[in-house]
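**Q** Keeping their order, the protein sequence lines are chains S and D. Yeah, the first sequence ends on 14 if you go by this note's numbering, and it's all consecutive. Yeah, the second sequence ends on 271 if you go by this note's numbering, and it's all consecutive. Using N, Cα and C, we set each Cβ at its ideal position, and we do this for glycine too.
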Amino acid sequence: GKNQKSILGFFQKK
Amino acid sequence: MLEARLEQANLLKKVVDAIKDLVQDCNFDCNDSGIALQAMDNSHVALVSMMLKSESFSPFRCDRNIALGINLGSLTKVLRCAQNEDILTLKAEDAPDVVNLVFESAETDRISEYDIKLMDIDQEHLGIPETEYAATITMPSAEFQRICRDLSALSESVSIECSKEGVKFNCQGDIGSGSIHLRSHTNVDKPELNVEIDLTEPVSLTFSLKYLVNFCKASGLSNQVKLCLSNEVPLLVEYALSNNSYLRFYLAPKIGD
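Shown next as structure tokens:
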């Protein structure tokens, strides 16, 4: 199955 | 100080309505370019990014950067006190405890005024990289809303496949499966019904329908919605507003095995 990724895996904290 | 006057309270009402189920407490970051908001949902799957440019207000004045920490539930309660066509003015001091909202009826001499207590919100800002998306789909926002709503009755997820053949929204659930296929379409009389597909590379991604259905609460803000996709990056769903203002949602994909 597919797993929901976190947005934090793509956009870094400033 | 901040002083920002909107011709119609309706715009802010619709924006807040569209995001209040996704994010609860957030900073409205005010500076001389306008009022911006960036917030993740609690599960860190989706990101809301709103920009109301200073040109969307008349007049707009903001001398220094002010972060207004507002609970959207409270803001909703106060915005319900405004009529859609009321003129809305937001005001705040430089180091404010409250934000002041004034609603003026253009038809009557009624002026109402509310203060909302501000909160200290320690919010992280995320850097959103500039992305050349592999596929950009511009379509009627009502059509996108219908697709998300229809497919969410069958499944938790939708796969969005974009190819030279068009764009296909596919889902598979316990009771069966569903798919909707759209091609580029130009309607000269009703350009709001146009479907435009700009493709540099085929894309196939899977997303949670629960979030997409939530984003579609913004459909009343714009006749058209823009979906931007690249493999293995978050989907961008954009509702363009007047004066280059916008409401954007980013959604992290589901990635398999």
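Report the rounded CA-to-CA distance for Thr200 of chain D versus Val209 of chain D, giving the unit in angstroms.
**A** Sequence index remark: in the second sequence, residue 200 of chain D carries index 186 (1-based). Sequence index remark: in the second sequence, residue 209 of chain D carries index 195 (1-based). For Thr200 of chain D and Val209 of chain D, the distance between alpha carbons rounds to 7 Å.
**Q** Quick one: using the 10 Å Cβ neighbour count with 16 as the cut-off for buried, is Lys204 of chain D buried or exposed?
**A** Locating residue 204 of chain D in the second sequence gives position 190, where the first residue counts as 1. It is exposed - the Cβ of Lys204 of chain D has fewer than 16 other Cβ atoms within 10 Å.
**Q** Gly87 of chain D lies in the alpha helix (DSSP H); which residues open and close that run?
**A** If you number the second sequence from 1, residue 87 of chain D lands on position 73. Element bounds for Gly87 of chain D: Leu86 to Leu93.
**Q** At 9 Å on the CB atoms, spell out the chain S contacts of Val37 of chain D, in chain order.
**A** Taking the second sequence and counting its residues from 1, one reaches residue 37 of chain D at position 23. Correct list: empty, because the minimum Cβ distance to chain S is about 12 Å.
**Q** Give the secondary structure of Asn114 of chain D by DSSP, where H, G and I count as helix, E and B as strand, and everything else as coil.
**A** By one-based count along the second sequence, residue 114 of chain D stands at place 100. Strand at Asn114 of chain D.
**Q** Name the residues in the region 122–156 of chain D whose C-beta lies less than 9 Å from a C-beta of chain S; which are they?
**A** The residues in question are Glu138, His139, Leu140, Gly141, Ile142 and Pro143.
**Q** Taking 8 Å as the CB-CB limit, is Tyr264 of chain D close to chain S?
**A** Working through the second sequence from its first residue, we reach residue 264 of chain D at position 250. Chain S, which has a Cβ nearer than 8 Å to the Cβ of Tyr264 of chain D, makes this yes.
**Q** Are any of the Cβ atoms in chain S nearer than 8 Å to that of Val217 of chain D?
**A** Numbered from its first residue, the second sequence carries residue 217 of chain D at position 203. For Val217 of chain D, the answer is no, since every Cβ of chain S falls outside 8 Å of its Cβ.
**Q** Can you name the residues of chain S whose CB is closer than 8 Å to the CB of Ile211 of chain D?
**A** By one-based count along the second sequence, residue 211 of chain D stands at place 197. What Ile211 of chain D touches in chain S: nothing, since even the nearest Cβ is about 24 Å away.
**Q** Run down chain S in chain order and give the residues with a C-beta less than 9 Å from the C-beta of Val29 of chain D.
**A** Translated into positions along the second sequence, residue 29 of chain D becomes position 15. Neighbours of Val29 of chain D on chain S: none; closest Cβ ~20 Å, over 9 Å.
**Q** Does the beta-carbon distance from Leu223 of chain D to Glu170 of chain D come in below 8 Å?
**A** The count along the second sequence starts at 1 and reaches residue 223 of chain D at position 209. The count along the second sequence starts at 1 and reaches residue 170 of chain D at position 156. Cβ atoms of Leu223 of chain D and Glu170 of chain D: closer than 8 Å.
**Q** Any beta-carbon of chain S closer than 8 Å to the one on Gly270 of chain D?
**A** By 1-based counting over the second sequence, the position of residue 270 of chain D is 256. By this cut-off, Gly270 of chain D is an interface position.
**Q** Quick test of the definition: if touching needs 3 or more C-beta pairs under 8 Å, does the region 128–142 of chain D touch the region 38–49 of chain D?
**A** The region 128–142 of chain D is in contact with the region 38–49 of chain D.
**Q** Check Ile33 of chain D in the structure and name its three-state DSSP category.
**A** Your numbering for residue 33 of chain D matches position 19 in the second sequence. Of the three classes helix, strand and coil, the one that applies to Ile33 of chain D here is helix, per DSSP.
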